Structures are given as C-alpha cells and as structure tokens.
Amino acid sequence: MNANDSVPMVQMLSPEGDFAVPKNYAEYGSYIERLTEEDFLKFYRDMARCRRFDNEATALQRQGQLGLWIPAIGQEAAQIGSGYGVGHNDHIFPSYREHGVAITHGVELMSILKMLRGVNHGGWNPDETRFHLYGIVLGSQVLHATGYAMGVKFDGKVATGNKADDLAVISYFGDGATAEGDISESFLFAANTQSPIVFFCQNNQWAISSPTASQTRVPLYRRGEGFGVPGIRIDGNDVLASYAVTAKHMDDARQGAGPYMIEALTYRIGAHTSSDDPTKYRTDEEVAYWTARDPLKRFEVFLRRQGIGEDFFEEVAEAGEKLASEIREATFALKTPEMDEMFKHVYSEPHPVIDEQLDWLKRYEASFGGEN
Amino acid sequence: MTNFVDMAIAKAINAGLRKAMSEDNKVLVFGEDVAQLGGVFRVTEGLHAEFGESRIFNSPIAESGIVGTAIGLAMRGYRPVAEIQFDGFIFPAFDQITTQLAKMQNRSEGFHKMPVVIRVPFGGGIGAVEHHSESPEAYFAHTAGLRVVSPSNPNDAYWMIQQAIRSNDPVMFFEPKRRYWQKGPVNLDTPPQDLHSARVIREGNDLTIVSYGPMVHTSLQAAEVAAGEGVSIEVIDLRSLSPIDFPTIIESVKKTGRLITVAEAPNSFSVASEISATITEECFYHLQAPVLRVGGFDIPYPAAKLEEIYLPDADRILEAVDRSRAY
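As you go down the protein sequences, you meet chains P and Y in turn. Per the working numbering: the first sequence = residues 7 to 378. Per the working numbering: the second sequence = residues 22 to 348.
The structure is reproduced here in structure tokens:
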C-alpha cells in the first residue's frame with residue numbers, strides 16, 4: 007500500500023489550472039471568495055520570488071558562496087498559500103526548508119543566506135516577523151511550537167471575543183520528520199491541552215532518499231487521529247487550497263477548536279540539499295510527472311484565464327532578476343563575524359570559564375601581531 | 022532577628038518553589054505526577070492545592086515533550102520548572118536539552134532567553150531498581166549553554182532553587198535524592214551566596230576534599246574521622262558543577278597542597294576529572310601529591326544489594342587521604 011495513493015484531498019485548482027470548489031469543501035471555498043485580484047497577484051509574485059531566490063541560491067552554492075543550499079522548488083504553493091493563511095498575531099515555527107513561508111512574513115531573505123553561508127545560525131528576530139528560527143533537528147521545533155501554543159492558551163489569548171487579540175501557532179515539518187517521537191509527543195501535548203496549533207506537514211514524498219511509502223503505512227494526515235488531532239490532506243501544489251485550508255483551521259484554532267493537522271501533498275522537485283544526488287534513488291519519469299504539476303505553472307494558467315496579461319508576468323520576471331542580482335551582491339558583501347561573536351550569546355549572564363577562554367583566544371590571536 | 026527554620030531538603034525545595042511561584046506568576050511547575058500527588062518524592066506536595074492547575078500540572082509521561090514544551094513556554098515568556106522523575110529517565114529528553122535548550126540563546130543571538138529549570142533527583146543509596154540511582158551530571162556539565170548545580174543541604178536547596186528559577190539561562194538542578202529527608206536550618210531571610218560559587222564548609226590545613234550533592238555529607242564524616250587521627254581536612258561544597266568556582270578550590274589547594282574529589286558518578290570523563298585536570302594546570306607547583314578521585318566505578322550502577330560496595334563511603338575517602346599523604 008502506498009500511503010500517498012487514493013486519498014481524497016482538498017483541491018480547488020487542478021493541474022490544468024481549472025478552478026472549482028467541490029461541494030463538500032464549500033467552507034474552504036468561502037475563504038477564496040473573500041480574496042481580491044490583488045491577493046491572487048501577491049500569491050503569484052511571491053511564489054515566483056521564492057523560485058527565483060531558490061535558483062539563485064543554488065547557483066551561489068555551486069559557485070562556492072554558500073556552504074549548503076536547501077531547495078524548496080516545487081513546494082512554493084504549499085508554503086506561500088499556507089503562509090498567507092497565517093494571521094497577524096500568529097506565530098510560525100518552521101523547519102529548514104520554509105523559504106516561501108519566510109517570504110510571506112517579511113523575513114529578510116539575506117538572513118537565510120547568511121545562515122547557509124556560515125555567518126551565523128540564523129539570527130533573525132522572531133518578534134518582528136513571528137517567524138521563528140529554522141528547526142534543524144527534525145521535529146524539535148514542533149514541540150517548541152506546542153509549548154508556545156500551550157502558553158497562548160494559559161495566557162487566555164484564545165477565543166477572547168476580540169478577534170484582534172486571539173492568536174494561534176502553526177508548525178511546519180516534512181514527511182520524514184513525522185517519524186520523530188517529538189512529533190507524536192507534540193500531538194499528545196497539544197491535544198491534551200487543546201492548545202491553538204495547526205500542524206502543517208509538507209509531504210514532499212522524499213525523506214532524503216526514503217519514499218513516503220517506506221515511512222508510513224497510514225496516510226500522514228491521519229497520524230494525529232489516535233492522539234485526538236484530526237487532519238485533512240490538501241493538494242500542496244494548489245496555492246488556493248493551501249491558503250484556504252490553513253486560513254480556516256488557523257481561524258478555528260484561534261476560536262478554541264484545539265489542534266489540527268494539514269498534510270500538503272507536494273513534491274520536492276530539487277534535491278534534499280545541495281549535497282544530495284536524487285538521481286541515485288528516483289526516476290526521471292517521476293520527476294517529469296511532478297514537474298508537469300508545477301505549482302507556478304498551474305497558477306499562471308489560472309491567472310491568465312482571469313484576464314491577467316503578459317505585462318504582469320514580465321514585471322514579475324524583471325523583479326526576479328533584480329532580486330537575484332541584489333542577493334548576489336549582498337552575499338559577496340557578507341562579512342565574517344568577529345571572533346567574540348561565538349562566545350557572546352552562549353549564556354545571558356557572565357560565565358567565568360568561557361570569559362577566560364575568550365581572553366586567552368584574544369591574547370593568542372594578538373600574539374601574531376595583528377595578522378589574524 | 023534572622024528567621025531560621027529547621028527543615029528537610031525536600032521540604033526546603035518545596036518552600037523555595039512556593040516562594041518563587043508566589044513572587045512571579047510566570048513560574049510554572051510541571052512534570053510527571055507533580056500535581057495532586059506532589060511528585061514521587063513529594064517535593065511539590067501541596068503546591069497544586071495552593072496554586073491550582075494553571076500553575077502546576079501533570080504532563081504526559083514523555084520527557085522530550087516535557088523539555089520541548091518548556092522551551093516553547095519560555096519563548097512565550099514563562100519560567101518553566103520541569104521535573105524529571107528520576108535521573109535514569111532523563112535520556113528521552115537529552116536531545117531537547119542538549120541540541121535545543123542549551124543552544125537556543127546562542128542560535129538566536131541572544132533573542133531567546135531560556136529561563137528553564139530542570140529538576141532531577143539523582144544518585145543512589147535508596148535501594149532502588151535499575152535506572153533510579155544514576156549520576157548523569159557530567160553529560161550536562163559538558164554541554165555549553167547549560168548551567169548545572171546541586172545543593173547538599175536544606176539552606177542551599179531553599180535558596181538555590183529560587184536563584185535557578187531567576188536565572189535567564191537554563192539550569193539543570195540535581196537534587197541529592199538520598200538526602201531528601203536530611204534536616205538542617207534554613208535562613209528564610211538571606212541567601213547564603215550566589216548560585217555559582219563554591220563554599221568552604223569545613224576549614225583544614227592538611228588536605229582539601231571537593232565534593233557536591235549527596236557526597237558532601239559523606240566527605241564531612243570522613244573529615245571528622247580524620248580529625249580524630251590528627252589530620253586537618255578542608256571540605257569544599259562545590260554547589261555549582263558548571264561553571265565550577267575554581268578560584269575557591271585553587272585558594273584551598275595552595276594552602277593544603279593536596280586534593281581529593283568525592284562524587285558518586287563514575288570517575289572517567291567526570292566533573293571530578295575536570296577538577297583534577299584544571300587544578301593540575303593551575304596549582305602544579307603547590308601540589309604535594311597528585312589529585313585523587315574517589316568516585317563510582319566505570320560500570321552500570323549495580324543492583325541494590327551491591328550499592329553499598331559501589332558507593333564511596335568515609336572509609337574509601339580515608340583510604341585516599343592516606344594515599345595522598347603518603348607522597
């Protein structure tokens with residue numbers, strides 16, 4: 007049995023770009039009805055921005071400018087759609103591939119490249135964007151998200167009666183991470199406390215070289231059931247489904263519905279990271295099948311049918327080139343941090359052992375006469 | 022007039038928690054069976070009745086979940102105090118403690134403070150089954166970003182738990198479980214000293230013993246016996262295992278010229294080894310003998326009928342005293 011097969015999923019935009027809201031998903035359809043043309047254009051612009059950013063970062067890595075790159079190509083609809091489904095107070099706990107979600111919340115893209123160049127470990131300010139640091143140890147950030155959501159509940163910030171005051175949490179992870187005990191424990195803690203959290207699983211079908219079929223016998227959207235976390239599968243390459251389903255369940259979470267799981271079925275068109283070689287474990291036919299279901303292409307078809315003209319797409323392409331050259335230049339300009347930096351934030355209060363080690367290191371470096 | 026009250030270590034931690042919870046409503050206490058039951062050692066007894074479910078609650082039996090959600094709660098502005106039921110049960114949480122809790126402040130460049138306290142009853146001597154008598158402190162002392170402390174007496178227990186809760190860094194709080202019921206005076210008005218300084222608890226001139234947690238009591242017994250034989254031993258209660266207050270140890274060793282470490286943990290790669298290495302570097306010309314370590318053996322903690330042989334006692338310490346003085 008392949009856990010990806012024959013499961014109903016929320017889809018509003020077919021791979022051919024046809025838009026329709028199935029009757030049983032009308033509650034999600036109402037979220038699309040509220041969108042304006044400007045929202046549609048914003049979705050497309052950001053998906054294209056994410057793709058262009060990704061391609062440029064891949065080039066930078068190949069040229070030795072980044073230590074590593076983690077492509078998200080193919081997952082833009084899952085990320086941009088859900089990212090815009092997250093509300094103005096909500097907090098986001100991403101895994102390490104969520105560049106698209108970062109874009110929707112105004113995270114400075116250079117801070118992602120800074121981390122992958124090895125300048126720091128990802129020091130963006132989660133308070134400004136409510137987009138927390140990338141979780142690198144699989145599943146670890148999902149427990150932090152759950153604890154945060156428990157805190158929101160303890161603070162009484164759920165169903166306050168004033169929607170501007172309510173908030174919920176969303177945590178992103180992949181199909182591979184679902185095997186981690188931390189994810190199961192997150193379901194349990196969140197369900198027991200009925201905390202306001204949406205678990206957003208991007209099933210990109212490959213955990214590095216392990217296909218989903220080898221990781222689970224039961225479709226992933228049902229993983230939370232035994233813990234009391236209901237779930238649904240969506241077409242993760244459909245930006246509208248991703249937006250609507252996320253927006254609806256974040257709304258529900260803010261109003262006290264408790265935790266919910268969304269499995270976005272998508273496909274990692276690129277490699278796991280720049281160190282990976284997917285030709286060793288999957289076929290060209292499979293990649294071609296999914297490339298034909300590219301989330302950007304289908305949304306472009308939809309927009310053109312809506313009467314969006316060539317001007318818009320040209321403008322998006324130009325903006326992409328501008329972004330690419332900007333991040334190129336900014337990457338070259340990144341400076342190696344001062345050596346104090348690696349000692350500075352280990353503790354928040356003085357620590358005699360590392361203070362002494364830093365003093366020693368400074369004397370040692372100075373002993374070379376300033377040529378460090 | 023200073024207000025002294027006699028209480029046992031378990032009661033002193035309880036009183037310290039109560040005080041911290043009263044002073045700051047962001048302090049949350051949770052863990053397995055800590056609520057109505059008051060924990061398997063009753064350290065949190067009565068707190069649920071006093072503060073209610075919103076401040077102290079039972080968690081599922083999932084240690085990684087306990088620490089992982091504590092991290093998220095700290096990000097939300099809480100000061101979580103998580104109880105791990107027994108030393109040997111901490112390892113499911115090892116990942117969250119070492120890769121997340123310890124590093125969160127560093128990786129966020131100081132944005133996320135991690136005022137999380139993890140309480141761990143540790144050590145043997147209670148006749149328990151496997152996994153209930155261990156001394157895993159070195160794993161955590163080895164990890165940058167954590168602070169590790171262990172009180173040995175009720176007064177320290179009362180104050181150190183409060184200081185740990187007030188710290189903005191994560192603190193591993195190792196409680197000497199076999200001394201939980203040992204009574205002593207607690208000064209309810211004034212803390213004895215800061216969280217990370219060691220204390221000379223018995224002055225002497227011939228030899229220094231450094232110990233912490235449950236073995237401090239045993240070290241004092243050995244010093245008493247030695248005094249009867251005309252040997253004057255200085256005993257230092259380390260209190261903080263990371264960072265270690267080396268200036269206090271160095272000052273003592275410069276005076277006595279001899280050092281013995283005493284702990285339950287196996288000697289290899291231990292807190293004791295760290296002290297031995299550093300004192301050798303810092304006090305080489307003052308040492309009259311090599312630093313000796315009295316500790317557990319490098320074997321899994323034995324079955325209860327053998328633990329008396331396994332655990333250091335006053336005789337084992339005195340044997341080391343003789344060896345040291347023979348140089």
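Just so you know, even glycine gets a beta-carbon here, dropped at the ideal spot from N, CA and C. As the structure is a prediction and not an experimental result, all values here were calculated from the model.
Assuming residue i and residue j form a contact by the criterion Cβ under 8 Å, report the distance between their Cβ atoms to the nearest whole angstrom.
| i | j | result |
| --- | --- | --- |
| Y/T229 | Y/R279 | 7 Å |
| P/V107 | P/Y178 | 7 Å |
| P/F99 | P/G141 | 7 Å |
| Y/K134 | Y/N79 | Not really, about 26 Å apart at Cβ, beyond 8 Å. |
| P/T152 | P/A185 | P/T152 to P/A185, Cβ: 17 Å. No contact. |
| Y/R100 | Y/I186 | 6 Å |
| Y/I271 | Y/E303 | 5 Å |
| Y/V274 | Y/S297 | Contact doesn't hold; Cβ gap of about 11 Å is too wide. |
Quick one: what's got a C-beta closer than 7 Å to residue i's C-beta in the same chain, skipping five residues either side?
| i | result |
| --- | --- |
| P/N378 | Only weak support is given to the placement of P/N378: the predicted model assigns it a pLDDT of 47, under 50, and the value that follows is read from those uncertain coordinates. So the list reads E371, once near-sequence residues are dropped. |
| Y/I111 | E84, I105, V141 and P157 |
| P/K254 | E33, Y34 and Y37 |
| P/F25 | M18, L19 and F308 |
| Y/M236 | V283, A284, E285 and P333 |
| Y/G109 | H152, H153 and E155 |
| Y/T299 | F267 |
| Y/S240 | I230, S232, V256, V283 and I338 |
| Y/T164 | T119 and A123 |
| P/W296 | G80, Y273 and I275 |
| Y/F318 | P287 and Y331 |
| P/I360 | F349 and V352 |
| Y/G93 | none |
For residue i, collect the residues of the same chain with a Cβ closer than 8 Å to its Cβ; drop the 5 residues on either side in sequence, then sort them by chain order.
| i | result |
| --- | --- |
| Y/D215 | Q184 |
| P/A323 | A54 |
| Y/I147 | H153, S154, K198 and R199 |
| P/Q261 | V164, A165 and D172 |
For residue i, which residues of its own chain have a beta-carbon under 6 Å away from its beta-carbon, when the five flanking residues on both sides are left out?
| i | result |
| --- | --- |
| P/W212 | R274 |
| P/M7 | In this prediction, P/M7 scores a pLDDT of 44, lower than 50, which makes its location untrustworthy; the coordinate-derived value is nonetheless stated afterwards. Taken in chain order, the list of residues that qualify is empty. |
| P/L139 | G128 |
| Y/N288 | R314 and G316 |
| P/A247 | V16, Q17, M18, I240 and D241 |
| Y/I34 | V64, A178 and I182 |
| Y/Q242 | A335 |
Determine the closest residue to residue i out of the options, with distance taken between C-alpha atoms.
| i | options | result |
| --- | --- | --- |
| Y/A149 | Y/G234, Y/E328, Y/P101 and Y/L259 | Y/E328 |
| Y/A324 | Y/G37, Y/G145 and Y/E272 | Y/G145 |
| Y/H217 | Y/R223, Y/A162 and Y/R199 | Y/A162 |
| P/N30 | P/V251, P/S117 and P/L194 | P/V251 |
| P/T272 | P/N61, P/R58, P/E39 and P/S88 | P/S88 |
| Y/S291 | Y/T90, Y/F62 and Y/S263 | Y/S263 |
| P/E306 | P/K48, P/P14, P/R103 and P/E332 | P/K48 |
| P/G91 | P/S281, P/D283, P/A339 and P/R40 | P/R40 |
| P/R311 | P/F46, P/A270 and P/A151 | P/F46 |
| Y/A36 | Y/S294, Y/F195 and Y/L209 | Y/L209 |
| Y/V50 | Y/I87, Y/V231 and Y/T164 | Y/I87 |
| P/E327 | P/P14, P/V27, P/V13 and P/C56 | P/C56 |
| P/R103 | P/H278, P/G70 and P/Y249 | P/H278 |
| P/H357 | Y/K276, Y/P191 and Y/S345 | Y/P191 |
| P/T337 | P/K120, P/E44, P/Q81 and P/S101 | P/K120 |
| P/A330 | P/A65, P/P14, P/Y50 and P/E22 | P/A65 |
| P/S280 | P/Q363, P/R123 and P/E292 | P/R123 |
| Y/N24 | Y/P172, Y/Y201 and Y/V207 | Y/V207 |
| P/A174 | P/E43, P/P265, P/E22 and P/I238 | P/P265 |
Is any heavy atom in the ligand FMN found nearer than 8 Å to the beta carbon of residue i?
| i | result |
| --- | --- |
| P/Y50 | No copy of the ligand FMN appears in this structure; indeed no ligand is present at all. |
Original post:
Are the segment 247-267 of chain Y and the segment 336-347 of chain P in contact at 8 Å, needing three or more beta carbon pairs?
Top reply: no
Original post:
Would you say the segment 126-141 of chain Y touches the segment 119-137 of chain P, given that touching needs at least three Cβ pairs under 8 Å?
Top reply: Under the Cβ criterion (8 Å, minimum of three pairs), the segment 126-141 of chain Y counts as touching the segment 119-137 of chain P.
**OP:** Return the chain-ordered ranges of every beta strand (DSSP E) run that is complete within the segment 117-180 of chain Y and spans a minimum of 3 residues.
**Re:** 138-143 and 168-170
Original post:
Along the chain, which unbroken stretches of the beta strand (DSSP E) at least 3 residues long are found entirely within the segment 85-117 of chain P?
Top reply: If only complete runs of 3 or more residues are kept, the segment 85-117 of chain P shows the beta strand (DSSP E) at 97-99, in order along the chain.
**OP:** Count the CB pairs spanning the segment 229-245 of chain P and the segment 199-211 of chain P that are closer than 8 Å, and state whether there are at least three.
**Re:** yes
**OP:** Would you be able to state if there are at least three C-beta pairs under 8 Å between the segment 50-66 of chain P and the segment 213-232 of chain P?
**Re:** no
Subject >> At least 3 beta-carbon pairs within less than 8 Å: the segment 85-100 of chain P vs the segment 281-289 of chain P >> reply: no
**OP:** Evaluate contact between the segment 54-74 of chain Y and the segment 117-126 of chain Y, counting only Cβ atoms and requiring at least three cross-stretch pairs below 8 Å.
**Re:** Per the Cβ contact rule, the segment 54-74 of chain Y is not in contact with the segment 117-126 of chain Y (fewer than 3 Cβ pairs under 8 Å).
Original post:
How do the segment 171-189 of chain Y and the segment 29-41 of chain Y stand: do at least 3 beta-carbon pairs fall below 8 Å, yes or no?
Top reply: yes
Original post:
Whole alpha helix (DSSP H) runs in the segment 54-127 of chain Y with 4 or more residues, listed along the chain?
Top reply: 68-72 and 84-96
Subject >> Cβ pair count under 8 Å reaching 3, the segment 144-151 of chain P against the segment 115-129 of chain P >> reply: no
Original post:
Can you list, in chain order, the stretches of the alpha helix (DSSP H) that have 4 or more residues and sit fully within the segment 303-375 of chain P?
Top reply: 316-339, 347-350 and 358-372
Original post:
Of all the alpha helix (DSSP H) runs that stay within the bounds of the segment 223-301 of chain P, which reach a length of 4 or more residues?
Top reply: 245-260 and 290-297
Original post:
Enumerated in chain order, which unbroken segments of the beta strand (DSSP E) with a length of 3 residues or greater are wholly contained in the segment 223-291 of chain Y?
Top reply: Entirely contained in the segment 223-291 of chain Y, the beta strand (DSSP E) runs reaching 3 residues are, in chain order, 228-232, 254-258, 261-263 and 280-287.
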